[in-house]
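Q: For the sequence shown, this note's numbering begins at -1 and goes up steadily by one. Idealized CB from N, CA, C, for every residue including glycine.
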Amino acid sequence: MQDVDLSECQLVTVPDAVYHLLRNTTLVSCNLACNVISKISPKFATKFSCITELNLSNNKMSRLPDEMSECGQLEKLDVSHNSFVDIPQVVFRLPKIRVLLVNNNYIIDVDVKQLPKDSPIEEVDLRENPLLPDCHEMLSQVTSVKVLLSPRVKEDWEDLDV
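#1: State yes or no: is the C-beta of residue 144 within less than 8 Å of the C-beta of residue 126?
#2: To which residues does DSSP link residue 25 through a beta bridge?
#3: So what does DSSP say about residue 51, is it helix, strand or coil?
#4: Span of the beta strand (DSSP E) holding residue 37?
#5: Does DSSP classify residue 137 as helix, strand or coil?
#6: Here's the rule I'm using: 16 or more other beta-carbon atoms within 10 Å means buried, otherwise exposed. How should residue 19 be labelled?
#7: From the DSSP secondary-structure annotation, give me the bridge partner or partners of residue 145.
#8: Leaving aside the five residues before and after residue 1 along the sequence, list all residues of the same chain whose C-beta is less than 7 Å from its C-beta, in chain order.
#9: Excluding the five sequence neighbours on either side, which residues of its own chain have a C-beta within less than 7 Å of the C-beta of residue 177, listed in chain order?
#10: Buried or exposed for residue 45, going by 16 or more other Cβ atoms inside 10 Å?
#11: Report the three-state DSSP secondary structure of residue 76 (helix, strand or coil).
#12: Please report the residue range of the beta strand (DSSP E) in which residue 98 lies.
#13: Within its chain, find whatever has a CB closer than 8 Å to the CB of residue 105; leave out the 5 residues flanking it on each side and keep chain order.
#14: Suppose the cutoff is 7 Å on Cβ atoms and the five residues either side in sequence are ignored; what does the same chain contact list for residue 95 look like?
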């Protein structure tokens, strides 16, 4: 079992050498935070399907590959401080995901129905996202999952009568 920290390495992608060096290793935790990664290769999920914790925060990402669903042991995913405009759909196909950090992105809407009562998800951090007022209100009423939200600040333009 192995933990790998490749944070703050100016990586644009996960180098092939990493896959080669870890080919006979069961990767449990991987920290790729604070790089300039814009996308994760589908190969990542295939090669590291036993990973339980993945930190992709502070990168340039806006999507995750569908192959991430092969990470069936993944419990904690941090994609905070990226460029996501919605929660990646593949997250809802991860059978053991418990903690999802998507704070400080550009998410304006979340389908509350995707947070079912029988979901393994325990916590979703959506702070510092420009959530629409209706979405913010609906998320604040969710009780089946701990949803972290920034306080709702009414924008000046919301008072305007059109």
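A: Checking against the coordinates, here is how it stands:
#1: To locate residue 144, count along the sequence shown from 1; it is residue 146. To locate residue 126, count along the sequence shown from 1; it is residue 128. Contact flag unset, no.
#2: Sequence index remark: in the sequence shown, residue 25 carries index 27 (1-based). DSSP output for residue 25 lists 0 as bridge partner(s).
#3: In the sequence shown, the residue the question calls residue 51 occupies position 53. Strand at residue 51.
#4: On the sequence shown, position 39 is the one that residue 37 refers to. Where residue 37 is concerned, there is no enclosing beta strand (DSSP E), given that its DSSP letter is neither H nor E.
#5: Residue numbering aside, residue 137 sits at position 139 when the sequence shown is read from its first letter. Helix at residue 137.
#6: In the sequence shown, residue 19 corresponds to position 21, counting from 1. Exposed is the call here.
#7: As a first step, residue 145 is located in the sequence shown; it is residue number 147 there, counting from the start. 122.
#8: In the sequence shown, counting from the first residue as 1, residue 1 sits at position 3. Closer than 7 Å at the Cβ level, and outside the excluded window around residue 1, lie 26 and 27.
#9: Because the chain here runs from -1 to 160, residue 177 falls outside it and cannot be looked at.
#10: Reading the sequence shown from its first residue, position 47 is the one you call residue 45. Residue 45 should be labelled buried.
#11: In the sequence shown, counting from the first residue as 1, residue 76 sits at position 78. Residue state, collapsed to three classes: strand.
#12: Looking up residue 98 in the sequence shown gives position 100. It spans 97 to 99 - the beta strand (DSSP E) in which residue 98 sits, taken as one unbroken run.
#13: Mapped onto the sequence shown, residue 105 falls at position 107. For residue 105, where only same-chain residues beyond five positions count, the Cβ hits under 8 Å are 82, 83, 84, 85, 124, 127, 128 and 129.
#14: Residue mapping note: residue 95 aligns to position 97 of the sequence shown, counting from 1. Around residue 95: 72, 73, 75, 89, 118 and 119.
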